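J.: Before we start, here is the structure in question, set down as structure tokens.
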Amino acid sequence: MFRTLDVFDTEYSADSVEWCPAEDFQNIFACGTYQLTEKDEKDNPGPEDDKKKRIGRIYLFQVTKIDEEPKLSKLQQIEVAAVLDMKWAHVRCLGDRILLGVVNAAGFLQIYELTKSSTEAPSLSLVSEVSIGEDDGEDRLALSLDWSTGRRFDLEDQDVEITVSDSGGSISVLKLGDGGKSLERVHFWKAHEFEAWITAFDYWDTNVVYSGGDDCKFLRFDTRTGPKPTMTCRVHEAGVTSLHSNWEREYSLVSGSYDEIVRTWDTRQLRRPLGELSLGGGVWRLKWDPREARLLLAAGMYNGFFVVDCDIEQSPKLVAEYKEHKSIAYGCDWSFAKRDDKELLLATCSFYDHALKLSSVELSDDA
Numbered sequence: 001m002f003r004t005l006d007v008f009d010t011e012y013s014a015d016s017v018e019w020c021p022a023e024d025f026q027n028i029f030a031c032g033t034y035q036l037t038e039k040d041e042k043d044n045p046g047p048e049d050d051k052k053k054r055i056g057r058i059y060l061f062q063v064t065k066i067d068e069e070p071k072l073s074k075l076q077q078i079e080v081a082a083v084l085d086m087k088w089a090h091v092r093c094l095g096d097r098i099l100l101g102v103v104n105a106a107g108f109l110q111i112y113e114l115t116k117s118s119t120e121a122p123s124l125s126l127v128s129e130v131s132i133g134e135d136d137g138e139d140r141l142a143l144s145l146d147w148s149t150g151r152r153f154d155l156e157d158q159d160v161e162i163t164v165s166d167s168g169g170s171i172s173v174l175k176l177g178d179g180g181k182s183l184e185r186v187h188f189w190k191a192h193e194f195e196a197w198i199t200a201f202d203y204w205d206t207n208v209v210y211s212g213g214d215d216c217k218f219l220r221f222d223t224r225t226g227p228k229p230t231m232t233c234r235v236h237e238a239g240v241t242s243l244h245s246n247w248e249r250e251y252s253l254v255s256g257s258y259d260e261i262v263r264t265w266d267t268r269q270l271r272r273p274l275g276e277l278s279l280g281g282g283v284w285r286l287k288w289d290p291r292e293a294r295l296l297l298a299a300g301m302y303n304g305f306f307v308v309d310c311d312i313e314q315s316p317k318l319v320a321e322y323k324e325h326k327s328i329a330y331g332c333d334w335s336f337a338k339r340d341d342k343e344l345l346l347a348t349c350s351f352y353d354h355a356l357k358l359s360s361v362e363l364s365d366d367a
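One point on numbering: in the UniProt record's numbering, the residue at position 102 of the sequence shown is 102, and numbering is uninterrupted.
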């Protein structure tokens, strides 16, 4: 089912992979890394825990020969604070720009723009950044983000927002302006007792924001009514680590957890999941496929990567698994580039072996 096409050593631990959705750039993806290093003794004479520094890189790759035997070509390498999550805006926005959001261990949300000239290869440039914890002075790791652009409509006349979760258990919602150069925090609230591992918009109503935390709670908020959750779910038996609204099917949502279970939900009734499937490893990432939003690509931490069919919501089923990584399976994403009707292109990455892999998966007629 899966076939490895190319590999790359990211040197630092790899935890995030995101394919560009913009037309003419769908052979481009970014990979984020996270590395804990010792600080220089003279720079930090404090307690032992303070002597470590979190550093990272953002890699930009182009996949060549999409229709033949695809290979990785590194376009750019940017030295940054350790990356926790990255996501592209689902559509061009704010003046036809292609934007990538990045959250990092320094507690910042950064916005990068992808550009290409007639003489140079595509590249990323930083256009804006904002500290997530600036209001209270608390040091926070920015842990996850999501864009309000999930329905993939033309957004020239609409606000573009990003929701960010952090290690203090809080959620921020920020509005972008001035071509992405302006970031204004419009909402901020304490959601969880411990780390807020994940936050996500409801793509069908972006006033609604979901969050999941290390306190095992899955919460829903409505930014029009204030910081009190409109729903609290305690079904998950461990920390809630992944949430993804379905851009094709209204009321459809999936969650992942350290309890190793993928759950499908009807957002009109969030007390009980529609269906469950155990993957045998903590579910760190969940990505709907870009064609029909029927298949899920899942990162199962200590048990590899999986493709799950959620066409029948009451009983999600496993259709493929990828076990080529030797360390924690963290980052994964589908390519938007089309090869043929049966074969899909993927990128996956794992942590301590700092491995990035380009692969394809061939699906059967009933998958």
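C-beta atoms are modelled at their ideal positions from N, C-alpha and C, and glycine is treated no differently. Here the structure is a predicted model, which means the values were calculated and not measured.
1) Write down the C-beta distance between T199 and V209 rounded to the nearest angstrom, noting that I regard them as a contact closer than 8 Å.
2) Given this structure, state the Cα-to-Cα distance separating W288 from L356, to the nearest angstrom.
3) For C20 and K52, what's the separation of their Cα atoms in angstroms?
4) For K74, count the other beta carbons within 10 Å of its own beta carbon; 16 or more makes it buried, fewer makes it exposed. Which is it?
5) Taking the continuous beta strand (DSSP E) assigned at L363, which residues delimit it?
6) For S255 versus V240, is the C-beta spacing smaller than 8 Å?
7) Report the three-state DSSP secondary structure of G331 (helix, strand or coil).
8) Quick one: Cα of L346 to Cα of L72, how far?
9) Where S327 and L279 are concerned, what is the direct C-alpha to C-alpha distance, given to the nearest angstrom?
10) Short check: CB of R57 to CB of T37, under 8 Å?
11) Give the DSSP bridge partners of C233, in chain order.
12) Which residue wins for smallest C-alpha separation from L126, given the options F221, E120, V103?
13) DSSP on D166, reduced to helix/strand/coil?
14) Nearest-angstrom Cα distance between E48 and T4?
15) Check whether the Cβ atoms of G282 and T264 sit closer than 8 Å, and answer yes or no.
16) Using 8 Å as the threshold, is the C-beta distance between F306 and T348 below it?
17) Measure the C-alpha to C-alpha separation of A22 and I111 and round it to an integer number of angstroms.
18) Between which two residues does the beta strand (DSSP E) containing W88 stretch?
19) Sort out for me which residues DSSP pairs L295 with in a bridge.
20) Is the segment 180-195 touching the segment 216-225 in the sense that three or more CB pairs, one from each, lie closer than 8 Å?
21) Which one of A121, L94, S131 has the shortest CA to CA distance from A105?
22) Could you give the first and the last residue of the continuous beta strand (DSSP E) run that contains H244?
23) Would a C-beta distance cut-off of 8 Å place A30 and E11 closer than the cut-off?
24) Verify whether the separation of the beta carbon atoms of F201 and S148 is less than 8 Å.
25) When the Cα of R234 is compared with those of E79, G212, E260, which residue comes out closest?
26) In chain order, what residues of the same chain lie with their CB nearer than 6 Å to the CB of T115, ignoring the 5 residues before and after it?
27) According to DSSP, simplified to helix, strand and coil, what is G56?
T.: On the basis of the supplied data:
1) Within the sequence shown, residue 199 is the residue found at index 199, counting from 1. Within the sequence shown, residue 209 is the residue found at index 209, counting from 1. So it is a contact: roughly 6 Å between Cβ atoms.
2) Working through the sequence shown from its first residue, we reach residue 288 at position 288. Working through the sequence shown from its first residue, we reach residue 356 at position 356. For the pair W288 and L356, the Cα-to-Cα distance works out to about 20 Å.
3) Taking the first residue of the sequence shown as position 1, residue 20 is located at position 20. Taking the first residue of the sequence shown as position 1, residue 52 is located at position 52. C-alpha separation (whole angstroms): 33 Å.
4) Counted from its first residue, the sequence shown places residue 74 at position 74. With a 10 Å radius around the Cβ and a threshold of 16 neighbouring Cβ atoms, K74 comes out exposed.
5) Here residue 363 refers to the residue found at position 363 of the sequence shown. L363: not part of any beta strand (DSSP E); DSSP gives it neither H nor E.
6) Indexing the sequence shown from 1 puts residue 255 at position 255. Indexing the sequence shown from 1 puts residue 240 at position 240. Yes, these two residues count as a Cβ contact at 8 Å.
7) The residue you call residue 331 lines up with position 331 of the sequence shown. Correct three-state label for G331: strand.
8) Taking the sequence shown and counting its residues from 1, one reaches residue 346 at position 346. Taking the sequence shown and counting its residues from 1, one reaches residue 72 at position 72. Linking L346 to L72 through their CA atoms gives a straight-line distance of about 12 Å.
9) Numbered from 1 along the sequence shown, position 327 holds the residue referred to as residue 327. Numbered from 1 along the sequence shown, position 279 holds the residue referred to as residue 279. The alpha-carbon atoms of S327 and L279 are separated by roughly 16 Å.
10) Position 57 of the sequence shown holds residue 57. Position 37 of the sequence shown holds residue 37. No; because the gap between Cβ atoms is not below 8 Å, this pair is not in contact.
11) Position 233 of the sequence shown, counted from the start, is the residue given in the question as residue 233. Note: C233 sits in a beta bridge opposite F218.
12) If you number the sequence shown from 1, residue 126 lands on position 126. Considering only alpha carbons, the answer is V103.
13) Sequence index remark: in the sequence shown, residue 166 carries index 166 (1-based). In the structure shown, D166 adopts extended strand secondary structure according to DSSP, grouped into three states.
14) In the sequence shown, counting from the first residue as 1, residue 48 sits at position 48. In the sequence shown, counting from the first residue as 1, residue 4 sits at position 4. Because the pLDDT of E48 is 49, which lies under 50, any placement of that residue in the model is unreliable, and the question is left without a value.
15) For this step, residue 282 is matched to residue 282 along the sequence shown. For this step, residue 264 is matched to residue 264 along the sequence shown. The Cβ atoms of G282 and T264 lie no closer than 8 Å to each other.
16) For the purposes of this step, residue 306 is taken as the residue at position 306 of the sequence shown. For the purposes of this step, residue 348 is taken as the residue at position 348 of the sequence shown. Taking 8 Å as the Cβ cut-off, F306 and T348 do not qualify as a contacting pair.
17) For the purposes of this step, residue 22 is identified with residue 22 of the sequence shown, where counting begins at 1. For the purposes of this step, residue 111 is identified with residue 111 of the sequence shown, where counting begins at 1. Taking the straight line from one Cα to the other gives about 16 Å.
18) For the purposes of this step, residue 88 is taken as residue 88 along the sequence shown, with counting starting at 1. It spans 83-88 - the beta strand (DSSP E) in which W88 sits, taken as one unbroken run.
19) Here residue 295 is taken as the residue at index 295 of the sequence shown, counted from 1. Paired residues: D309.
20) They touch, by the three-pair rule.
21) Locating residue 105 in the sequence shown gives position 105, where the first residue counts as 1. Checked all of A121, L94, S131; the closest Cα to A105 is S131.
22) Translated into positions along the sequence shown, residue 244 becomes position 244. Residue range 240-245 is occupied by the beta strand (DSSP E) that includes H244.
23) Here residue 30 refers to the residue found at position 30 when the sequence shown is read from its first residue. Here residue 11 refers to the residue found at position 11 when the sequence shown is read from its first residue. At a Cβ-Cβ threshold of 8 Å, A30 and E11 do not count as neighbours.
24) Walking along the sequence shown from the start, residue 201 turns up at place 201. Walking along the sequence shown from the start, residue 148 turns up at place 148. Cβ distance < 8 Å, so F201 and S148 count as in contact.
25) Here the question's residue 234 lines up with position 234 in the sequence shown. It is G212 whose Cα lies nearest to the Cα of R234.
26) The residue you call residue 115 lines up with position 115 of the sequence shown. Nothing listed; no residue qualifies.
27) Counting from 1 along the sequence shown, the entry for residue 56 is found at position 56. Strand.
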